Structure formats: structure tokens, C-alpha cells
Amino acid sequence: MDKKNLQNNGKLDQLQDHTTDNQDTKLTTNQGLKVNNNQDSLKTDERGATLLEDFILREKITHFDHERIPERIVHARGSGAHGVFKLNKSLAKYTKAKFLNEVGKETPVFVRFSTVAGGAGSTDLARDVRGFAVKFYTEEGNYDLVGNNIPVFFIQDAMKFPDLVHAVKPEPDNAIPQAASAHDTFWDFISLMPESMHMIMWAMSDRAIPRSYRMMEGFGVHSFKFVNSDGAVHFVKFHFKPKLGVHSVAWTEAQKISGTDPDFHRRDLWESIENGAFPEWDFGVQIVPEENEFDFDFDLLDPTKIIPEELVPVELVGTLTLNRNPDNFFAETEQVAFHPGHLVPGIDFSNDPLLQGRLFSYTDTQLSRLGSPNFHEIPINRSINEVHNNQRDGHMRQQIVKGKVSYEPNSIGGGCPFQAMMKDGGFTTNNERVNGQKIRARSKSFVDHYSQAKLFFNSQSEPEKTHLQNALVFELSKVTIPEIRERVVGQLNFIDKNLASHVAEKVGVKVKKLNNPNGSIPADADPASLQSEEREPSTKSSEALSMENTVKDTIESRIIGFIMANGVNTQAVKSLKNKLESKGAVVQFIAPSVAPVVADDKTSFEPKHSISSVASVSFDALFICSGEKSAQQLMQPDLKPILTEFINEAYKHCKAIYFGKDTDDIYNATNIAKKKHEDRAIVNSGKDSDDQFISAIAAHRVWDLEKDRNSMA
Ligand code: HDD
22 MDKKNLQNNG KLDQLQDHTT DNQDTKLTTN QGLKVNNNQD SLKTDERGAT
72 LLEDFILREK ITHFDHERIP ERIVHARGSG AHGVFKLNKS LAKYTKAKFL
122 NEVGKETPVF VRFSTVAGGA GSTDLARDVR GFAVKFYTEE GNYDLVGNNI
172 PVFFIQDAMK FPDLVHAVKP EPDNAIPQAA SAHDTFWDFI SLMPESMHMI
222 MWAMSDRAIP RSYRMMEGFG VHSFKFVNSD GAVHFVKFHF KPKLGVHSVA
272 WTEAQKISGT DPDFHRRDLW ESIENGAFPE WDFGVQIVPE ENEFDFDFDL
322 LDPTKIIPEE LVPVELVGTL TLNRNPDNFF AETEQVAFHP GHLVPGIDFS
372 NDPLLQGRLF SYTDTQLSRL GSPNFHEIPI NRSINEVHNN QRDGHMRQQI
422 VKGKVSYEPN SIGGGCPFQA MMKDGGFTTN NERVNGQKIR ARSKSFVDHY
472 SQAKLFFNSQ SEPEKTHLQN ALVFELSKVT IPEIRERVVG QLNFIDKNLA
522 SHVAEKVGVK VKKLNNPNGS IPADADPASL QSEEREPSTK SSEALSMENT
572 VKDTIESRII GFIMANGVNT QAVKSLKNKL ESKGAVVQFI APSVAPVVAD
622 DKTSFEPKHS ISSVASVSFD ALFICSGEKS AQQLMQPDLK PILTEFINEA
672 YKHCKAIYFG KDTDDIYNAT NIAKKKHEDR AIVNSGKDSD DQFISAIAAH
722 RVWDLEKDRN SMA
């Protein structure tokens, strides 16, 4: 895409009016008064007390004292970017939403990715669900798709959301641990909530530690409704599929990145956009005609269920591209306010009880977070469609509405603003027939808690299953109360017997059959009718659920570390660098220090990192650059342990490593020399080795060799 063209769209033009640049300006107070001394407060004497009349000091300090707002109660840690959504296939058959009708139409968007549990300053690499919230600035008003990178949720009813969040957040007595689910209260809650088991499978899988925001899927989670111009209704599930594939890091890597670069995902998103490697997703829909609502052995309204793609394929209809970083993190990424209730004509809610509760929560939370019912006037939240209504006043009101009239009906204002007829784009709620009794209860159709958890687990490759198992062992090992560990294992036993017994053994408990698998049933419910039974999934396995089957044919934006020292072979460096960069990868030089490296022909290379200030977890692959002298320097006694640890760690994390010419001594000093099997991602200098290296990077990791590699460590 042409970066320049992307600077112009309706939303960015609108933001321009609110953007200032301090270049070539003079310092002023907030009242526009030019300031001539920004160093000293006003005092009675050079060594005297400060005067109350110092309005410049007072203004500066008062503003500073109030420059923090409450962080989001969940999803506090996040990063955002501007972009564009392009429609490639019309959905007019299903929805009258204009941005989904005309092929080729481009709609500006702002997207915010986030973790859920941690505070605003917490690490990006926590094991957690990732938020994937998209604000479409359509000509019919803002449409927000506030989703996650996991297609199901922990709970079925919004009534349990505060309990879930209280359980996962730091424990209230000592505020420990930050950004982690590995603690007593989370697993206590989960062990008593069998409905969470499907989500737990996803959250303990590598999906919860993405390699990058650019390499994760997005899901609307709930079933929504599409309404077309004839009023026909279809259920719809929304999907974003990353063009670069779905990839994750290893858990040991995630833990280390949290120390070496807690901004790993934020930096990655920012740098890719700055480098013009715009993150892209295919946008897809799963459509179910209203009359087929009951065709499945799960309830479409149950947010703990997916519709397997084998039953309803995902139809790809559009492309989401992120192409511009915000100018100001606070003004845009922090103040953006999403809400699943921000709708446009042609899209409506379903009765999913989790979604229904969300419809209340999001506006409510902005009132305390952003401090006023006028949060829609903050530039990032403004609709590009003009706003006209009789709502008035309130804190920080900005719009100046002319005239005497702020009520309806009115004659003084000529009746304006008029209600919009349907034909003029007036929103009408889907005309669903309702016939029922008020009742505070869970539908029996929501009671199967294990079959899709089994479906997910069965669909994983062996390495993915091992990672999931290890994650459970890690998490439960941090749970201090044995009964909680035992109850979780009891739940796992309804999903997979081997998984349960393996975890049980590692966390020191026995697998015991739970008498009442559904711990969340209220005391006065009829347990016999509601109890979840272990049930086999009707779809046995689903390709789309395993990352093993993801895109593995591109190295775009992968970060390749070139390890070098003085005397490195210029030709080898330049030739591989050019090849990698021509395929969109990013090459970064790592050297003994950040001083320029002088190559064999006196070319000078600028290292981005010194080897002791960075870890191999920050790279997707390594090239140990050719050159005898360079290799000798790197093997000096002070550097050798650092270098070998660096390479061994990349090896342990199953990354591609390429040994250039004359680097045998380095190879022999690493664990790689001890490898017993053919390892597809270790490349030694020779014929076609550049190509082998490139395909090994594209394959992301060789997870199936992880056991062999780790046994060498
Ligand atoms: Fe939520 C934020 C996604 C259930 C209440 N949620 C929030 C964000 C995302 C989601 C991505 C961050 C938006 C941003 O970047 O500003 N939430 C989900 C998904 C859910 C879900 C996919 C289930 C399918 N959420 C959910 C429930 C409730 C909330 C059931 C309450 C009843 N969520 C909130 C909130 C937040 C929020 C408290 C915090 C900050 C905000 O809204 O603006 O209202």
C-alpha cells in the first residue's frame, strides 16, 4: 500500500484539526501568555519563599498533579494504531451496513490491542487473552467490534464478569501477582466454573503468548446479527485472520522477554508501521440464517462455544490494514473508548447474556475513566458522521450548539433535528418476536462445558499439547491450596484423561472424580437437569484451531540478528542482508559493542546492539556472520560465554540459526554440536544454505524438535 495515500482519510483529516506541532513556537501558558522564564519560581528574594501569586508555577503544577486518569478496569495495558478497512466482497445480501456493501469501499479504523489482567505498565508478554478492538469510522456513525484473540470466553453470563476479574487481578490483600493468572484466587474461581474449561484450553495454549499483535487472530466472540434491507436476519461471527499467520513465542521466552523488553509487542507494532511493514488481516464472517439457529448441538448464544469452521466456513470479505502510528499515545490510544453497543444499521446484537451485560458496562466505565458523558467529543472518539441531538452540557462540553432549542418535539427550531426514517439510514432494532417469562436462570442449552474443550485439545499438534500441559503445570504449581489444584485436575479429567493425570502428577495431587462438575449451579437449581456431562464433540478435530496449520510462507518483518565482529566478511553480510530485506525481513547487527564494526574490506557496519545488552529472545533467527577473524574475536574468553549462551538460547527456543563460513569453532562450542537428529532450522554454510535459512525462518519454529533441543541444553 502507498503510505502517502493512507495519510488522507476522513478520520485523519478530522484529527488534523485537533493536532498541534510545537516546532518553531514560543512557550506559553495554557492561556496563551508567552513565558519568559521556565526555570525558576517567583520568590520573595533569591533565597526566599515562593509567592502564592506565581500563577505560572501554579498552573504548571496543577496540570501535572491531574494528568493521570484511571486506567481501564480490564485491558489497561494496550497499544493502538490507525488504519483502513477495505471491503473486497459485498455483504449486501446479509446486511445493509454501508461499509459492508460496496466492494472497494475504504473505512478508516482505529485498533487497540491489549492484555486483560495487567495494569497499564505491565509486561506485554503475560500469559493472557489479548484484546482486539476495532473502531470503524463509517459514514453511518462509529461501529465498534470489541473482540479478543480467542473466540470464546470464560463465562456465559455478564453477572459473573466482576467475579472473574476480581479472581484474576492481583489478590486484594497484598496486590500480588501483577499481570498473571498463576495464583490461588484465579484457579479457585476457575475450578468452580466448569463453563470456563473451553476458554482455559485456549488460555493455556500458546495463543496466550503471541509472537506479535500482527500474528494473532481477532474474533468478535459472540454471535451478532446481520439485518439486510428486506429485514432478513442472519447470525454472524466475526473473524480477523493475520496475513502473516498465527505465531507464538515459547513460555520460557515470554518470561525472559518480560524482563529484557516488556514493551515487546508495543515496540513491534510501532516499528513495523514506521518501517512500512503494515500489519494486515483478512476479515471474515461465518453466517447462519436465522431459521437455522437450532441446527447445532450447542447454543449460538453461548459465548463459550465456537462454530467449527467445518460446519460453517469463514467467508473472507475484507482486509484490515494498520498503516499509521498515533501522534500521541494518551490522546489517542488511552482516550479511545470502545463499546459493543456502538452499532450501525444492518448490525444488531443477539441475546447472548454475556454480550447483553457488556452493553451496559462500556459507556458506564468511560464515565469514571474519561470523566464525563462528553467522552464522544474527544477527537479519537468522534464520529466522522456529524452529530446532532438535544443532549447538552456536562463536564468539558466542546460542541457549541446554536439556538434555543434542546428538546423535541419543538416548533421554535423547526422540529430539528428530525428523526431519520429507515430509508434515510435511521437505525431500527431488529424486530425479534419475544415470548417468555422473566426468569433469572441459565438456559439448559448452555450446559455442555466439555465437548468443545475436548475439540480444541484434540485439534492441537503434539508440541502444542505439550505446551498446554506445561502451562497448566506452571500455573497450578503457583497455587498454594492443594484442594484447588485437585479440583482443576478433576475438571481436566472431563476433557482428557492423560492430560489430567500428567498435570496431577506434576502438581502433587490425585485425579479424583468430581461429583458435581457444575459448581456454579445455584443451590435451588435442579442439579440433575443442569449437570454437565462429559460429552464427545460432534466435530472431532478442527484444522483452524491448531497453529501448526497456519501461514508459513513469509519472512516479512521477521527480525534477524547478524552476529559479527571486526574482520567480518562484507560480501556474506551484504548478500544475505539484501536477500532477507528483499523479502521484507528486518536485519539488525549485533557486535561485541555498539562501536562500528570494520569488515574485511574495511567497510564499516553500524551495530544496533551490543551482544551483552540484548538477548536472543528479541530475534526470530540468527546469522553467525562469515569471516575467520570475526569468529575468532567473538570467541575471545570474555565474549565466548555470552555468545554461546546467546546462541544456545535461540536453539532452545527452536529458532533458525545459520552458521556462515569459518564459524565452525563457534558452532562446536554451542549445544547445537551435540544434536542427535537432523534439525531443519540449523543451517551450515554451503550450497542453497541462504534459501534453507529463509524457509526455516518462514516456518517460524521447529516445535517438534523442542524436546531434542532442550535435552541438549
Ligand atoms: Fe470487555 C474493555 C473485550 C467481556 C466490560 N473488553 C474491553 C476491551 C476489549 C474487551 C478488547 C478493551 C477495549 C479497549 O481497547 O479500550 N470484553 C471483551 C470481550 C468480551 C468482554 C471479547 C467477551 C466476549 N467486558 C466483557 C464483559 C464486561 C466487560 C462481560 C462487563 C459486563 N470490557 C469491559 C469494560 C472495559 C472492557 C469494563 C474496560 C475498559 C473499557 O471497557 O473501555 O467496560
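Under my numbering, the first residue of the sequence shown carries the number 22, and numbering increases by one thereafter.
Each residue gets a CB set at the ideal place from its N, CA and C atoms; glycine is no exception.
Predicted model only: the values in this text are computed from it and were never measured.
Check: Excluding the 5 residues flanking proline 310 on each side, which residues of the same chain have their C-beta closer than 7 angstroms to its C-beta?; Outcome: His255
Check: Return the residue from the list Val56, Asp289 and Asn570 that minimises the CA-CA distance to arginine 579.; Outcome: Asp289
Check: Check whether the Cβ of tyrosine 383 sits closer than 7 angstroms to any heavy atom of ligand 1, and report yes or no.; Outcome: yes
Check: Can you give me the C-alpha to C-alpha distance between leucine 566 and proline 334, rounded to a whole angstrom?; Outcome: 13 angstroms
Check: How many angstroms separate the CA atom of alanine 717 from the CA atom of alanine 492?; Outcome: 26 angstroms
Check: Touching or not, the region 275-283 and the region 239-255, by the rule of three or more beta carbon pairs under 8 angstroms?; Outcome: no
Check: Count the other CB atoms, across all protein chains shown, that sit within 10 Å of the CB of leucine 72; report buried if there are 16 or more and exposed otherwise.; Outcome: exposed
Check: Count the other CB atoms within 10 Å of the CB of aspartate 38; is the residue buried (16 or more) or exposed (fewer)?; Outcome: exposed
Check: With 8 angstroms as the threshold, decide whether the Cβ of glutamine 412 is near any Cβ in chain C.; Outcome: In the structure shown, chain C cannot be found, because there is only a single protein chain.
Check: List the endpoints of the continuous alpha helix (DSSP H) containing lysine 32.; Outcome: 31-37
Check: Tell me the residue span of the alpha helix (DSSP H) that contains serine 651.; Outcome: 649-655
Check: Shorter than 7 angstroms, the distance from the beta carbon of histidine 96 to the closest heavy atom of ligand 1, or not?; Outcome: yes
Check: For valine 137, tell me which candidate among Ala147, Glu483, Phe131 and Ala694 has the shortest Cα-Cα distance.; Outcome: Ala147
Check: Return the residue from the list Phe626, Val607, Val167 and Val338 that minimises the CA-CA distance to glutamine 592.; Outcome: Phe626
Check: Might you give, ordered along the chain, the residues of its own chain that have their beta carbon closer than 7 angstroms to the beta carbon of proline 198, omitting 5 neighbours on each side?; Outcome: Pro191 and His204
Check: Kindly list the residues whose CB is nearer than 7 angstroms to the CB of threonine 41, restricted to its own chain and excluding five residues on each side of it in sequence; keep chain order.; Outcome: none
Check: Locate the beta strand (DSSP E) running through phenylalanine 317, then write down its first and last residues.; Outcome: Per DSSP, phenylalanine 317 belongs to no beta strand (DSSP E) and is neither H nor E.
Check: Pull the bridge partners of arginine 345 from the DSSP assignment, please.; Outcome: His103
Check: Hey, would you say the C-beta of arginine 133 is under 7 angstroms away from at least one heavy atom of ligand 1?; Outcome: yes
Check: Hey, quick one: how far does the alpha helix (DSSP H) through aspartate 303 stretch, first residue to last?; Outcome: Counting along the chain, aspartate 303 falls outside any alpha helix (DSSP H), though it belongs to the beta strand (DSSP E) covering 301-310.
Check: What's the gap between the Cα of proline 347 and the Cα of alanine 102?; Outcome: 6 angstroms
Check: Alpha carbon to alpha carbon, what distance is there between phenylalanine 259 and aspartate 547?; Outcome: Summary for aspartate 547: the model assigns pLDDT 46, below 50, so the residue's position carries little reliability, and this model does not support an answer.
Check: Could you give the distance in angstroms between the alpha-carbon of asparagine 731 and the alpha-carbon of phenylalanine 174?; Outcome: 33 angstroms
Check: Can you tell me the Cα-Cα spacing of lysine 695 and tyrosine 688, whole angstroms?; Outcome: 10 angstroms
Check: Under 8 angstroms between the Cβ atoms of alanine 271 and glutamate 577?; Outcome: no
Check: Sorted by chain position, which residues of the same chain lie with C-beta nearer than 6 angstroms to proline 438's C-beta, five sequence neighbours on each side aside?; Outcome: His409
Check: For leucine 643, tell me which candidate among Arg228, Ile715 and His363 has the shortest Cα-Cα distance.; Outcome: Ile715
Check: For the region 626-650, which segments carrying the beta strand (DSSP E) assignment without a break, of at least 3 residues, lie completely within its bounds, in sequence order?; Outcome: 642-645
Check: Looking at the strands, I want to know which residues DSSP matches up with isoleucine 611.; Outcome: Ile584 and His630
Check: Would you give the residue range spanned by the alpha helix (DSSP H) that glutamate 292 belongs to?; Outcome: 285-295
Check: Which residues share a DSSP beta bridge with asparagine 169?; Outcome: Gly152 and Phe240
Check: Please find out if some non-hydrogen atom of ligand 1 comes closer than 7 angstroms to the beta-carbon of leucine 375.; Outcome: yes
Check: Alpha carbon to alpha carbon, how far is glutamate 557 from asparagine 395?; Outcome: 50 angstroms
Check: Can you give me the C-alpha to C-alpha distance between phenylalanine 157 and valine 248, rounded to a whole angstrom?; Outcome: 18 angstroms
Check: I need the straight-line Cα distance from asparagine 169 to threonine 65, nearest angstrom please.; Outcome: 58 angstroms
Check: Among residues of its own chain, excluding the 5 on either side of alanine 735, which ones have a beta-carbon nearer than 6 angstroms to its beta-carbon?; Outcome: With the chain represented from 22 up to 734, any question about residue 735 goes unanswered, as that position is not in the structure.
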